[in-house]
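*Asks:* Numbering of the sequence shown is given in the numbering used here, commencing with residue 2 and proceeding in unit increments.
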Amino acid sequence: MDDKAESSQSDPKWPNGIRLAFSSPELEEKFQRQYFDRHWNQNRVAICFGLVLFALFGFVDWVVGGDYWQTILLIRLGIILPLLMILLAAFFVRNISERYMPQMTFLALLISGSAIVVMNTLLPDEFQNLHFTGLLVTMIVGLAFFRTDFRWPAVAAAITFIFYLLVTWKIHPLPFPLVLASFHLFVTAFLGMLYICWSLELKERQAFLMAQRLRELAHTDELTALANRRAFINHFHAEWRRALRYHNILALLLIDLDHLKWINDTYGHHAGDKALQQLAKILAGYACRPGDIAARLGGDEFVLLQYGAEPARVKKMAANLAKKTAVLLLPDSNREICLTTSIGLVTAIPTQSMTPELLLKMADEALYEAKQSGRARAVHKHLQEPVRQQATLV
Numbered sequence: 002m003d004d005k006a007e008s009s010q011s012d013p014k015w016p017n018g019i020r021l022a023f024s025s026p027e028l029e030e031k032f033q034r035q036y037f038d039r040h041w042n043q044n045r046v047a048i049c050f051g052l053v054l055f056a057l058f059g060f061v062d063w064v065v066g067g068d069y070w071q072t073i074l075l076i077r078l079g080i081i082l083p084l085l086m087i088l089l090a091a092f093f094v095r096n097i098s099e100r101y102m103p104q105m106t107f108l109a110l111l112i113s114g115s116a117i118v119v120m121n122t123l124l125p126d127e128f129q130n131l132h133f134t135g136l137l138v139t140m141i142v143g144l145a146f147f148r149t150d151f152r153w154p155a156v157a158a159a160i161t162f163i164f165y166l167l168v169t170w171k172i173h174p175l176p177f178p179l180v181l182a183s184f185h186l187f188v189t190a191f192l193g194m195l196y197i198c199w200s201l202e203l204k205e206r207q208a209f210l211m212a213q214r215l216r217e218l219a220h221t222d223e224l225t226a227l228a229n230r231r232a233f234i235n236h237f238h239a240e241w242r243r244a245l246r247y248h249n250i251l252a253l254l255l256i257d258l259d260h261l262k263w264i265n266d267t268y269g270h271h272a273g274d275k276a277l278q279q280l281a282k283i284l285a286g287y288a289c290r291p292g293d294i295a296a297r298l299g300g301d302e303f304v305l306l307q308y309g310a311e312p313a314r315v316k317k318m319a320a321n322l323a324k325k326t327a328v329l330l331l332p333d334s335n336r337e338i339c340l341t342t343s344i345g346l347v348t349a350i351p352t353q354s355m356t357p358e359l360l361l362k363m364a365d366e367a368l369y370e371a372k373q374s375g376r377a378r379a380v381h382k383h384l385q386e387p388v389r390q391q392a393t394l395v
């Protein structure tokens, strides 16, 4: 258990530091998309709650505003509230919200916080620091309720409070003990909320990464690190539908490692595992384009799917792969074994009358023919219709 924890912390993809970003841009983008999907509704509820709260404080303006209550109410309801409602409308547009959520949160908090500071200067002397509680509420709403990149609302809260300090020092001075108490309260609450937000995001990133790893384990063959049968079937059906839609060709290769049982019996299962891993590494090199996949179906059986491949090129590749796949070095005996494979290759442009299962069945039949013909060879079949195919030895 300790080893796993240690390896997790040393993983370069593991989130650490203040920034909390994965080193992989693809992984970070995937997390941000999933993070947005999970919290989009919560963020919209948060800004609605903030707007209602901001408007309700107009009652406080009326009670304590003195001679300037109408001016304060005009600032709150006539200027700031419409601006925040424009931002609210943008929050409900998914494309805009997904792209600019942190920046819009920053603007919403900066506008509302600065307005609170300005309105505070218009209050009678006995209520001069009453709206300071509004700054705390704004900060809490921004940092706790908005589940977005917490650095943006944190910067907005810090700028607003600096503005508050400048106003209470230069423009509308307040007693120093009152300013000092406000400073202490704000900084304490600010740092506490920052730590809470940082911890929550860290936990979310760790949970996301663990879910990614579990998903990879569920779809990866442990010995060879190729996709397993389940992952291949899911991918194969998806690529079949894509090829059917765009009338592209698919090349399916069922591959058996020749004489694996003899290698296991003669040199041990460790040598057999090495042979499987060496073949897997070679097949992975052939699955480098979008839509391609190499997988281990079990035992000595592998599969390679190539999307949009040229039949002549695939036939040549299969023939070369079958005759001499690799040379396996046995370190214990300083011997070398030439690894060969038997391959069943089927190419087809999917039609409505075909099925993925039919292609697999044809590849299995071609593989059987390759084995019966003496192994170390590939048999190619081109599937045109369910009852019409051509078999050739390559």
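We treat Cβ as the ideally placed atom computed from N, Cα and C, and that holds for glycine.
(1) By alpha-carbon positions, which one of Ala208, Phe55, Arg152, Thr221 ends up nearest to Ser113?
(2) In this structure, does DSSP put His248 in helix, strand or coil?
(3) Are the beta-carbon atoms belonging to Leu340 and Ala379 less than 9 Å from one another?
(4) Would you decide whether Ala226 is buried or exposed? Buried here means 16 or more other CB atoms lie within 10 Å of its CB.
(5) In angstroms with no decimal places, state the Cα-to-Cα distance between Gln391 and Ala367.
(6) Based on Cα-Cα distance, which residue from Arg100, Val138, Ile76 lies nearest to Val119?
(7) Which class does Gln213 belong to by DSSP, given the choice of helix, strand or coil?
(8) Please classify Ala296: does DSSP put it in a helix, a strand, or coil?
(9) Taking buried to mean at least 16 other C-beta atoms within 10 Å of its own C-beta, is Glu311 buried or exposed?
(10) From this set, Ala145, Lys204, Ala157, which residue's C-alpha is nearest Gly193's C-alpha?
(11) Buried or exposed: which applies to His185, given that a residue is buried once 16 or more other Cβ atoms fall within 10 Å of its Cβ?
(12) Grouping DSSP H, G and I as helix and E and B as strand, with all else coil, what is Glu337?
(13) Roughly how many whole angstroms lie between the Cα atoms of Ser25 and Ala319?
(14) Go ahead and pull the three-state DSSP assignment for Val94.
(15) With H, G and I counted as helix, E and B as strand and the rest as coil, what does DSSP make of Gln43?
(16) With which residues is Leu331 paired in a DSSP beta bridge?
(17) So what does DSSP say about Val380, is it helix, strand or coil?
(18) Could you tell me which residues DSSP puts in a beta bridge with Gln307?
(19) Which residues does DSSP pair with Lys346 in a beta bridge?
(20) Hey, could you find the ends of the alpha helix (DSSP H) Asp266 is sitting in?
(21) With 16 other CB atoms within 10 Å as the buried threshold, where does Met1 fall?
(22) Taking the beta carbon of Trp153 as the centre, do at least 16 other beta carbons fall within 10 Å, making it buried, or is it exposed?
(23) Report yes if the C-beta distance between Gly143 and Ala157 is below 9 Å; otherwise report no.
(24) Please work out which residues of its chain come closer than 6 Å, Cβ to Cβ, to Ile234, disregarding the five sequence neighbours upstream and downstream, and give them in chain order.
(25) Can you check DSSP and say which residues form a bridge with Thr106?
(26) Let me make sure I understand the geometry here. Which of Ile80, Arg39, Gly66, Gln71 has the alpha-carbon closest to that of Leu52?
(27) How many whole angstroms separate the CB atoms of Ile256 and Ile344, which I take to be in contact at a CB cut-off of 8 Å?
(28) Closest by CA to Glu202, which one among Gln385, Gln33, Arg290?
(29) Mind checking Phe50: buried by the 16 CB within 10 Å criterion, or exposed?
(30) Which partner residues does Ala228 have in the DSSP bridge list?
(31) Starting from Phe151, trace the alpha helix (DSSP H) in both directions and tell me its first and last residue.
(32) Can you confirm whether the region 61–72 touches the region 93–112 when touching is taken to mean that 3 or more C-beta pairs between the two stretches lie within less than 8 Å?
(33) For Val65, which residues of its own chain have a beta-carbon under 8 Å away from its beta-carbon, when the five flanking residues on both sides are left out?
(34) Check whether the region 291–308 and the region 214–230 touch, using three or more Cβ-Cβ pairs below 8 Å as the test.
(35) Any Cβ of chain D within less than 9 Å of the Cβ of Leu110?
(36) Measure from the alpha carbon of Phe107 to the alpha carbon of each residue in Gln71, Gly67, Tyr69, Asn44, then state which is nearest.
*Replies:* In short, the structure shows the following:
(1) It is Phe55.
(2) Note: His248 maps to coil in three-state DSSP.
(3) Their beta carbons are not under 9 Å apart, which means Leu340 does not touch Ala379 by this criterion.
(4) By the 10 Å Cβ count, Ala226 comes out exposed.
(5) Here Gln391 scores only 48 on pLDDT, less than 50, and its place in the model is too uncertain to base an answer on.
(6) Of Arg100, Val138, Ile76, the smallest CA-CA separation from Val119 is found for Ile76.
(7) Gln213 falls in the helix class under three-state DSSP.
(8) Judged by DSSP in its simplified three-state form, Ala296 adopts strand.
(9) With fewer than 16 other Cβ atoms within 10 Å, it is exposed.
(10) Per the C-alpha coordinates, the member of Ala145, Lys204, Ala157 positioned closest to Gly193 is Ala145.
(11) It is exposed - the Cβ of His185 has fewer than 16 other Cβ atoms within 10 Å.
(12) Judged by DSSP in its simplified three-state form, Glu337 adopts strand.
(13) Taking the straight line from one Cα to the other gives about 34 Å.
(14) For Val94, the secondary structure class from DSSP, reduced to helix, strand or coil, is coil.
(15) Collapsing the DSSP output to three states places Gln43 in a helix.
(16) Answer by DSSP bridge pairing, in chain order: Arg336.
(17) Residue state, collapsed to three classes: strand.
(18) Looking at the DSSP assignment, Gln307 forms a beta bridge with Ala252.
(19) Just to set this straight, residue 346 is Leu in the shown sequence, not Lys. Leu254, His381, per the DSSP bridge assignment.
(20) 261–268 is the span of the alpha helix (DSSP H), which, as asked, contains Asp266.
(21) Residue 1 falls outside the range modelled here, since the chain spans only 2 to 395, and no answer is possible.
(22) Buried, since its Cβ has 16 or more Cβ neighbours within 10 Å.
(23) Cβ distance < 9 Å, so Gly143 and Ala157 count as in contact.
(24) Listed in chain order, the non-local C-beta contacts of Ile234 below 6 Å within the same chain number zero, local neighbours out to five positions each way being set aside.
(25) Paired residues: none, contrary to the question.
(26) Comparing Cα positions, the closest option is Ile80.
(27) Under the criterion of beta carbons closer than 8 Å, Ile256 and Ile344 qualify as touching, at roughly 5 Å.
(28) Considering only alpha carbons, the answer is Gln33.
(29) Phe50 is classed as exposed because its beta carbon has fewer than 16 other beta carbons within 10 Å across all chains shown.
(30) Thr221, Ala296.
(31) For Phe151, no alpha helix (DSSP H) run applies, since DSSP gives it neither H nor E.
(32) Result no; under three Cβ-Cβ pairs closer than 8 Å.
(33) The residues are Leu124, Pro125, Phe128, Leu131.
(34) Enough Cβ pairs lie closer than 8 Å, so yes.
(35) Considering every chain present, this structure includes no chain D. It has just one protein chain.
(36) The shortest Cα separation from Phe107 among Gln71, Gly67, Tyr69, Asn44 belongs to Asn44.
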